[in-house]
Amino acid sequence: MKELTIKCQVNGQAFEKTVPVRKTLLDFLRQDCVLTGAHAGCEHGVCGACTVIVDGVAARSCLMFAVQADGAVICTVEGVAEENGELHAVQAAMRDSFGLQCGFCTPGIIMTLVSMTAGEGATEDEMINALSGHICRCTGYQGIRRAVTKLAKATGEISQDDSHAV
Amino acid sequence: MKPAAFDYLVPTTVDAVVASLALHGDDAQLLAGGQSLVPMMALRVARPEVLIDLNRVAGLSGIERIGDTLRVGAMTRQAQVIASPVVAEALPSLAAALRFTGHFQTRNRGTLGGSISLADPSAESPAYALALDAQMELRSQRRSRTVAAADYFLSGYTTAREPDELLVAIHYPIRPRARIVVDEVARRQGDFATAGLVARVECEGGRVAASALAWFSMGPGVLRSPNAEAALNGGALADIDPEAVADLAVGDTDPFDDHHASASLRRATARVLAIRALTTIRTEELA
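Protein sequence lines, in the order shown, are assigned to chains P and S. For the first sequence, position 83 (counting from the first letter as 1) is numbered 658 according to the working numbering, and the numbering increases by one without interruption. For the second sequence, position 206 (counting from the first letter as 1) is numbered 209 according to the working numbering, and the numbering increases by one without interruption.
Next up, the structure:
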């Protein structure tokens, strides 16, 4: 089959669309759902700008086909803040720590960190490690690392390893 | 950067997968986690006519200990292996190997079976399977069989799996006495290694009863070091000279030049990895 009709939930909203089977989840989100927050960078899984949360875990949306998300619950950067506009803790930490400049890589980084701070929450070391899955050409990463340290402090998961202190 | 058109099949049973494979053979590609195949499709290095998605097949995922064997279903995600309490207890070095594999985000989708089927010469999972003498469980309409890692990895990106066969699970022998070290050097966390080593040494009464040194990123495929293993086996642990064994082990490799590293840098890096692993194993065992 070359086309399939899929149903999924994105940021709480139900979508039912017929898509070519070769269409990536990234292009589906951007073109069919008109959610352009997930960015198309390298489109082969290296840069991390397209990272979204699929059924609770962070994943590269350029490395999934839309048809694989049939029945999935997806969260993109558009669904992270409160409805009243109040920023998610990760967004606030990134803003307060100058964790972004041009903003191209930012939605992917936000989604990785949102997935890691949900539930029990990851440690600072784990979050710093996960940042290796994102490429940022503006910040030199130091602001992003400060945001992670701030998030870890907020959840009480402070690293024992001083090498990450900035 | 868009994959070429393909026919998409999404079976839900192993029987349906092997039936599709029998029908389409070489024209079909199996889609596991997609963290290597989808980039290859985006770059049009891979252009399968038929894509068989394994993500909705029942019974291909899961980790269980059966006696002295750890059985990991081929579609078990790398992140699931890392988080598994069964793995932590029975074979923690498997989790250690997978922590080097890709990134947090790709490990959430990437599968153990996918990595072993691709047989990338720079990947951790094939070298780890080779060092552990793991067995690959294969299914087709014709037969079920298991293939030892040494016979499975034929060369880089080439395995003994026939076009109509599905890798169902990987069986790792649990060796309580074995000391296993997984180590690599990469330019960035998550990149393919400049050089990587899985070392396994089993001692009995102060002597080396069995050993395996398996390399990745050190040749056209993953490879063992027969000369270094022969030098280790049967000898007294206290007499091991890590530098001499490391020289033998590096001599067994056939590294390549590419834009990441020269062959001589890979050899120098590998030598340090081998010395470090053997020193660690000797120190821990004699402590």
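From the three backbone atoms N, C-alpha and C, an ideal C-beta is built for every residue, glycine too. Please read these numbers as outputs of a predicted model, since none were measured by experiment.
Within chain P, no C-beta atom comes less than 7 Å from the C-beta of G76(S); the nearest is roughly 18 Å away. By a beta-carbon distance limit of 8 Å, A624(P) contacts G683(P). Their separation comes to about 5 Å.
Not a single CB atom of chain P sits nearer than 8 Å to the CB of G209(S). Near chain S, meaning a CB-to-CB distance below 9 Å, the residues of the region 620 to 645 of chain P are G620, V621, G623, T626, V629, V632, A633, A634, R635, C637, L638, M639, F640, V642, Q643 and D645. Judged by DSSP secondary structure, Y131(S) falls within the alpha helix (DSSP H) whose first and last residues are E127 to L135.
Our two residues, D29(S) and S158(S), have alpha carbons roughly 18 Å apart in a direct line. Within the region 159 to 199 of chain S, no run of alpha helix (DSSP H) at least 4 residues long lies entirely inside it. A45(S) has its alpha-carbon roughly 24 Å from the corresponding atom of Q192(S).
For the C-beta of M576(P), the chain S residues within less than 7 Å are, from N- to C-terminus, D10 and Y11. Within the region 27 to 65 of chain S, the runs of alpha helix (DSSP H) that reach at least 4 residues and sit entirely inside it are, in chain order, 40 to 45. In the structure shown, L24(S) adopts helical secondary structure according to DSSP, grouped into three states. The C-alpha of G62(S) lies about 11 Å from the C-alpha of V75(S). Shortest Cα-Cα distance from D630(P) to any of H619(P), K598(P), T651(P) and V594(P) involves T651(P). At a cut-off of 8 Å between beta carbons, R190(S) makes no contact with chain P.
Two segments are said to touch when three or more pairs of C-beta atoms, one from each, lie closer than 8 Å; by this definition the region 598 to 614 of chain P does not touch the region 18 to 37 of chain S. In terms of Cβ geometry, D671(P) and K582(P) do not form a close pair [threshold 8 Å].
Under the Cβ distance rule, L579(P) counts among the residues neighbouring chain S, one pair being separated by less than 8 Å. By the rule that beta-carbons nearer than 8 Å mark a contact, D56(S) touches chain P. The DSSP-derived three-state label of V13(S) is coil.
Sixteen is the threshold: when 16 or more other Cβ atoms of the shown chains lie within 10 Å of the Cβ of H27(S), as they do, the residue is buried. CA-to-CA, the gap between A589(P) and A647(P) works out to about 10 Å. Scanning its chain for C-beta atoms nearer than 6 Å, with the 5 sequence neighbours on each side dropped, one finds around L101(S) the residues Q81, V84 and I85, in chain order.
The region 195 to 212 of chain S and the region 144 to 154 of chain S do not touch, with fewer than 3 CB-CB distances between them shorter than 8 Å. Counting only residues of its own chain and dropping the five nearest sequence neighbours on each side, D71(S) has a CB closer than 7 Å to the CB of P176 and I177. Contact annotation: in the region 193 to 208 of chain S, residues whose CB is within less than 7 Å of a CB in chain P are G193. Rounded to whole angstroms, A634(P) and P88(S) show a C-alpha spacing of 23 Å. Contact check for S120(S) against R180(S) fails: the beta carbons are separated by 8 Å or more.
Taking 8 Å as the cut-off, the Cβ atoms of R227(S) and L240(S) do not count as close. Contact of A722(P) with chain S by beta-carbon distance below 9 Å is absent, the smallest such distance being about 16 Å. DSSP, read as helix, strand or coil, puts I69(S) in strand.
Annotation: Cβ neighbours of T109(S) in chain P (cutoff 9 Å, chain order): G620, A634, R635, L638 and G708.
G76(S) carries a strand assignment under DSSP once its states are collapsed to helix, strand and coil. Nearest to N586(P) by C-alpha distance, out of C622(P), R597(P) and A656(P), is A656(P). Within the region 112 to 125 of chain S, contact with chain P at the beta-carbon level (separation under 7 Å) is assigned to R112. As DSSP reads the structure, K592(P) sits in a beta bridge with I581(P). Rounded to the nearest whole angstrom, the C-alpha separation of F603(P) and N58(S) is 19 Å.
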